[in-house]
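First the structure, in the form of structure tokens, and then the observations on it.
There are 2 protein chains.
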Amino acid sequence: MTAKATSESARDIPEATVARLPVYLRALVTLSESGTATCSSEELAAAAGVNSAKLRKDLSYLGSYGTRGVGYDVDYLRYQIAREIGQTQDWPVVIVGIGNLGHALANYSGFRSRGFRVVALLDADPDRHHEVVAGVDVRPFDDLEKIVAAQGVAIGVIATPANAAQDVADRMVAAGVRSILNFAPVVLNVPEGVDVRKVDLSIELQILAYHEQRKANA
Amino acid sequence: MTAKATSESARDIPEATVARLPVYLRALVTLSESGTATCSSEELAAAAGVNSAKLRKDLSYLGSYGTRGVGYDVDYLRYQIAREIGQTQDWPVVIVGIGNLGHALANYSGFRSRGFRVVALLDADPDRHHEVVAGVDVRPFDDLEKIVAAQGVAIGVIATPANAAQDVADRMVAAGVRSILNFAPVVLNVPEGVDVRKVDLSIELQILAYHEQRKANA
DNA sequence: TCCAGTTTGTTCTCACGTTCACAAAGTGCT
DNA sequence: AGCACTTTGTGAACGTGAGAACAAACTGGA
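In order, the protein sequences belong to chains C and E.
Per this note's numbering: the first sequence = residues 374 to 591.
Per this note's numbering: the second sequence = residues 374 to 591.
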């Protein structure tokens, strides 16, 4: 909405860097809470579990927010990263599929504290309707369009079984959702312009098992 | 244990490829269940959501399991990938931290069907002990060493709050666990030789929010 | 057997990501 | 002010990953 057409905000940040910014932000919050006012790239890198050169390069994509010979002001840098990744605004989110995982997600406090507000929990199973999870009551999946429109929801979370996920995604996209976080173990097909990120619990374990097997055979 | 010191199994597969093998495997299982005996790289790539050139290159690291002019035998390739990533063997797993997420993980059927067997659920809170989740009863965290030794557990899952995670990791490593899947939002410090993979639910949402913000400002 | 058609496995090129190494830019003591 | 010291920001080298393109290898029909 703001009339910034200058190149100031037009820098494009590499994907790998974007994925690390939330980690830096978390480390900065911890430092801030422990009363640290200033930190060097070395300290922050250690707290975030990365190489300090990588950290400095990542931060350089945002701008020059450090002071040579001194380091970074913790609160200032924290604000700059938060703004860059959109954490200074409020993101309404819907969660579809209130099984075990949906429950866990609805109750996860890390969403709320990072600007995500769960505005609705939806499930196709009528037995679950009007159950209250984390202070929000579970409603019929068919309310999706109404809720998305009314609350301006741009981000949806899919925590349904695999066979329902594509249908849910189609409905979400049609309703106006533009970003989807998918926990169902299927590859979703979505139109151009819609972002999907997938979290697959068993794939992570399988990757560990691969390396474990390698260690055992070494 | 086997005396294979030959170079046959010594190929090292790129990390990016390892991360995709479970996806291919899942697609093959689906194809197999739908009665498909043979598939081309094009078909399999579509089912897995990747480029066919990438798929062929990935598979070439495992060996030459296709037939030119024909394609891949679904069941044969499925077995080869399963073997490569260790899914033909049984992996005992312990889960520590039986809150909302721990419940969801314990109940997740995708683990069992991929060779992972949850042998113990541990929690520090005595109120949770002897609660039964997914047919396994919750036991005191102090039983960790005993269970790891008795069952030969190599993989541990951490689903505790952030402040407990490092302690749990230290105990796991001391007990003999060599791979850790960490759901707690902290960077774990572990000794050389121990693998850690991290799944962070809110980071994924934050990455989506970043892109969402970009779309809105475009 | 030969030939047209199909599909794999691999080579080559380009893009992206990581790390090193250092000039630039600050601080604070004398 | 000058100088020793610290730490950032970045250019350049290196390594890994993605995709295009094609030769090699197979099928099936004439």
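Think of the CB as a built atom: it goes at the ideal place given N, C-alpha and C, for glycine as much as any other residue.
Spatial distance of residue i from residue j (CA atoms)
i                  : j                  : result
Arg-393 of chain E : Arg-485 of chain E : 20 Å
Gly-529 of chain C : Met-545 of chain C : 7 Å
Val-521 of chain C : Gln-453 of chain C : 29 Å
His-584 of chain C : Val-391 of chain E : 9 Å
Gly-566 of chain E : Gly-436 of chain E : 27 Å
Lys-494 of chain C : Thr-461 of chain E : Rather than Lys, the amino acid found at residue 494 of chain C in this sequence is Leu. The straight-line gap from Cα to Cα measures roughly 38 Å.
Thr-403 of chain C : Glu-415 of chain C : 16 Å
Pro-465 of chain C : Ala-547 of chain C : 17 Å
Asp-463 of chain C : Lys-519 of chain C : 19 Å
Leu-581 of chain C : Ala-389 of chain C : 21 Å
Leu-554 of chain E : Glu-457 of chain E : 20 Å
Tyr-445 of chain C : Ser-575 of chain C : 39 Å
Thr-379 of chain C : Tyr-449 of chain C : Low confidence applies here, because Thr-379 of chain C scores a pLDDT of 35, under 50, leaving its location unreliable; read the following figure in that light. Cα-Cα distance, rounded: 23 Å.
Leu-578 of chain E : Phe-556 of chain E : 15 Å
Ser-382 of chain C : Val-550 of chain C : Interpretation of Ser-382 of chain C is limited by its pLDDT of 44, a score under 50 that renders its predicted location unreliable; the figure taken from the coordinates is listed afterwards. Looking at the two C-alpha atoms, the distance is approximately 24 Å.
Asp-510 of chain C : Thr-411 of chain E : 47 Å
Asn-473 of chain C : Thr-533 of chain C : 10 Å
Ala-589 of chain C : Lys-430 of chain E : 26 Å
Asn-424 of chain C : Arg-441 of chain C : 18 Å
Ser-405 of chain C : Ala-419 of chain C : 15 Å
Ala-426 of chain E : Arg-399 of chain E : 19 Å
Ser-407 of chain E : Ser-413 of chain E : 15 Å
Arg-490 of chain E : Asp-500 of chain C : 30 Å
Ala-537 of chain E : Gly-483 of chain C : 16 Å
Ser-552 of chain E : Ser-552 of chain C : 32 Å
Leu-428 of chain E : Leu-428 of chain C : 32 Å
Residue interval of the beta strand (DSSP E) (run including residue i)
i                  : result
Arg-570 of chain E : 568-571
Ser-552 of chain E : 552-555
Limits of the alpha helix (DSSP H) - the one that residue i falls within
i                  : result
Ile-576 of chain C : 574-590
Glu-388 of chain C : 388-406
Glu-415 of chain C : 414-421
Ala-410 of chain C : Note, Ala-410 of chain C: premise wrong, no alpha helix (DSSP H); not H, not E.
Ser-433 of chain C : 425-433
Nearest neighbour of residue i, chosen from the options [CA to CA]
i                  : options                                    : result
Arg-512 of chain C : C:Val-572, C:Leu-554, C:Ala-497            : C:Ala-497
Val-559 of chain E : E:Glu-565, E:Lys-571, E:Ala-493            : E:Lys-571
Ile-531 of chain E : E:Gly-549, E:Val-569, E:Ile-576            : E:Val-569
Ile-386 of chain E : E:Leu-581, E:Pro-534, E:Ala-426, E:Ser-433 : E:Ser-433
Val-526 of chain E : E:Ala-535, E:Val-492, E:Gly-470, E:Asp-540 : E:Val-492
Val-505 of chain C : C:Tyr-397, C:Ile-471, C:Phe-489, C:Tyr-445 : C:Ile-471
Ala-455 of chain C : C:Gly-488, C:Gln-524, C:His-502, C:Val-469 : C:Gly-488
Ala-535 of chain C : E:Ser-405, E:Tyr-481, E:Ala-426, E:Leu-474 : E:Tyr-481
Pro-395 of chain C : E:Asn-590, E:Arg-587, E:Asp-573, E:Lys-588 : E:Asp-573
Gln-539 of chain E : E:Ala-589, E:Val-563, E:Ala-523            : E:Val-563
Phe-514 of chain E : E:Ala-507, E:His-503, E:Gly-508            : E:His-503
Ala-507 of chain E : E:Arg-441, E:Ala-523, E:Gly-475            : E:Gly-475
Residue i: CB within 7 Å of a non-hydrogen atom of the ligand NAP
i                  : result
Arg-490 of chain E : Here there are no bound small molecules, and the ligand NAP is not part of this structure.
Nearest-angstrom Cβ-Cβ length linking residue i and residue j, presumed shorter than 8 Å
i                  : j                  : result
Val-367 of chain C : Thr-409 of chain C : This structure does not reach residue 367 of chain C, given that chain C is present from 374 up to 591, and the question cannot be answered.
Leu-517 of chain C : Ala-542 of chain C : Going by Cβ atoms, the distance from Leu-517 of chain C to Ala-542 of chain C rounds to 11 Å, so no, they are not a contact pair.
Arg-477 of chain C : Ile-468 of chain C : In the sequence as displayed, the identity of residue 477 of chain C is Ala instead of Arg. Actually they are not in contact, since the Cβ atoms of Ala-477 of chain C and Ile-468 of chain C sit about 10 Å apart, beyond 8 Å.
Ala-421 of chain C : Tyr-397 of chain C : 5 Å
Arg-451 of chain C : Leu-417 of chain C : Incorrect: roughly 11 Å between the Cβ atoms, too far for contact.
Gly-459 of chain E : Gln-524 of chain C : 44 Å between Cβ atoms; not a contact.
Length-filtered (3 minimum) beta strand (DSSP E) runs lying within the stretch 486-546 of chain E: 489-496, 509-513, 528-531
With a floor of 3 residues, list each beta strand (DSSP E) that falls wholly inside the stretch 440-488 of chain C, ordered by position along the chain. 444-446, 464-469
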